[in-house]
Amino acid sequence: NAGVTQTPKFRILKIGQSMTLQCAQDMNHNYMYWYRQDPGMGLKLIYYSVGAGITDKGEVPNGYNVSRSTTEDFPLRLELAAPSQTSVYFCASTIAGGPTATDTQYFGPGTRLTVL
Amino acid sequence: AQKVTQAQTEISVVEKEDVTLDCVYETRDTTYYLFWYKQPPSGELVFLIRRNSFDEQNEISGRYSWNFQKSTSSFNFTITASQVVDSAVYFCALINSGGSNYKLTFGKGTLLTVNP
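Each protein sequence line maps, in turn, to chains H and A. Going by my numbering, the first sequence opens with residue 112, and the numbers climb by one from there. Going by my numbering, the second sequence opens with residue 193, and the numbers climb by one from there.
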C-alpha cells in the first residue's frame, strides 16, 4: 500500500490564484481529513469527510472547498489564494470502527504552500 | 470542548540523556483516545501510539515509554537514552468517542533537539 499520498509537495501561488491540492489513499478508509499546520500552532482541521459524497467543515474552513466523489480521493480547493493561506497542508485518513472515527489517523507527506 | 497542552515548547538534551515530553489534556467525555505523533525535520507525521481512556497501563516500546494518568489528565512520553535521530517535533493529540468524533485536537508540539 502507498498509504496516503499528496501532490504537489511544494507550490508557490500568487495572491488571487486558484489551485487544488490532491490527496489519495489506498487503504479503503472511509474517513478523510484536511489539516493545516502553521508554525508553532499544531494542526487545525479544515474539512473532513465520512464517506464518498459527504463532507463537512472543520475549525478553519474559510477560503477552502472540498469534494469527495470516490472513497480514495479527497481534493482540497483554494479559490482565491491569500497570504494567510501560506501553510503546510496535511491530508489524513482513518477507518471508522463502529459509529465513531477514533482509530489512528494516518497522514500524507504534506504540501508546503506559499502565497505571495 | 477539548484541549491539549504541551507546555514545553522546546527541549534540548545531549545524546544518551533521558527526556520526558509532557502532555496535559482536557475533555468532558469519559471515553476518549490519546495519541502521540512524531514530525522529523523531513516534515511527515509519524504515528507513535494510540491509547484509550480505559487503559491506564503504561506502555513501553523499545526506548519509548508512555505514562497515562487519568487522575492528572496527563499522557507523558519518555525517551530513554536519546539519540540524534530522535530530534523532531512531537505532538500529543486527543479525540473523543462521542459528539464531535471527527475532531482530532492537537497540542502545539514540543521541539526536541538531541545534540551529539
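Backbone N, C-alpha and C define an ideal beta-carbon position, used for all residues, glycine too. No experiment lies behind these values; they were computed from the predicted model shown.
8 angstroms Cβ shell around H/Thr-215 - same chain, five flanking residues per side excluded: Within its own chain, the residues whose Cβ lies closer than 8 angstroms to the Cβ of H/Thr-215, once the five positions on either side in sequence are excluded, are Thr-205, listed in chain order.
Alpha-carbon spacing of H/Ser-195 relative to H/Val-226, whole angstroms: Whole-angstrom Cα-Cα distance: 8 angstroms.
Backbone secondary structure at A/Ser-263 - three-state DSSP: A/Ser-263 falls in the helix class under three-state DSSP.
Under 7 angstroms by beta carbon: chain A residues contacting H/Tyr-217: In chain order: Phe-239.
As assigned by DSSP and simplified to three states, the class of A/Ser-274: Collapsing the DSSP output to three states places A/Ser-274 in coil.
Neighbourhood of A/Ala-199 by C-beta distance below 8 angstroms, restricted to the same chain and skipping five residues each side: Excluding sequence neighbours, A/Ala-199 sits near Asp-214 and Val-216.
Chain A contact for H/Pro-220 (CB, 8 angstroms cutoff): With 8 angstroms as the cut-off, H/Pro-220 counts as an interface residue toward chain A.
Beta-carbon gap between A/Ser-245 and A/Tyr-224 smaller than 8 angstroms: Going by C-beta atoms, A/Ser-245 is nearer than 8 angstroms to A/Tyr-224.
Sufficient close CB pairs (3 or more, under 8 angstroms) joining the segment 114 to 121 of chain H to the segment 173 to 188 of chain H: Output reads no: the segment 173 to 188 of chain H does not touch the segment 114 to 121 of chain H.
Reduced DSSP category for A/Ser-279 - H, G, I as helix; E, B as strand; rest coil: In the structure shown, the three-state DSSP call for A/Ser-279 is coil.
Inter-residue Cα distance where the pair is A/Glu-221 and H/Pro-150: Looking at the sequence provided, one finds Asp at residue 221 of chain A rather than Glu. Straight-line Cα distance between these residues: approximately 29 angstroms.
Collapsed DSSP secondary structure at H/Pro-210 in the structure displayed: Note that H/Pro-210 scores 48 on pLDDT, short of 50, meaning its location in the model is unreliable and no value can be drawn from it.
Amino acids of chain H, ordered along the chain, whose beta-carbon sits closer than 9 angstroms to that of A/Lys-295: Going along chain H in sequence order, the residues near A/Lys-295 (Cβ under 9 angstroms) are Leu-156, Tyr-159, Gly-169 and Glu-170.
Nearest-angstrom Cα separation, counted from H/Leu-124 out to H/Gln-148: Straight-line spacing of the CA atoms in H/Gln-148 and H/Leu-124 works out to 18 angstroms.
DSSP bridge partner residues for A/Leu-286 (one or two, in chain order): According to DSSP, residue pairing for A/Leu-286 in a beta bridge involves A/Leu-226 and A/Thr-297.
Listed by chain order, chain A residues near H/Met-152 by CB distance under 7 angstroms: Neighbours of H/Met-152 on chain A, chain order: Lys-300.
Cβ neighbour criterion (16 or more within 10 Å) applied to A/Asn-288: Burial call: buried.
H/Asp-149: first and last residue of the uninterrupted beta strand (DSSP E) it sits in: Segment: none, H/Asp-149 is in no beta strand (DSSP E) and carries neither H nor E.
C-beta neighbour in chain A for H/Phe-201, strict 8 angstroms: Residue contact with chain A for H/Phe-201: present (Cβ-Cβ distance below 8 angstroms to some residue of chain A).
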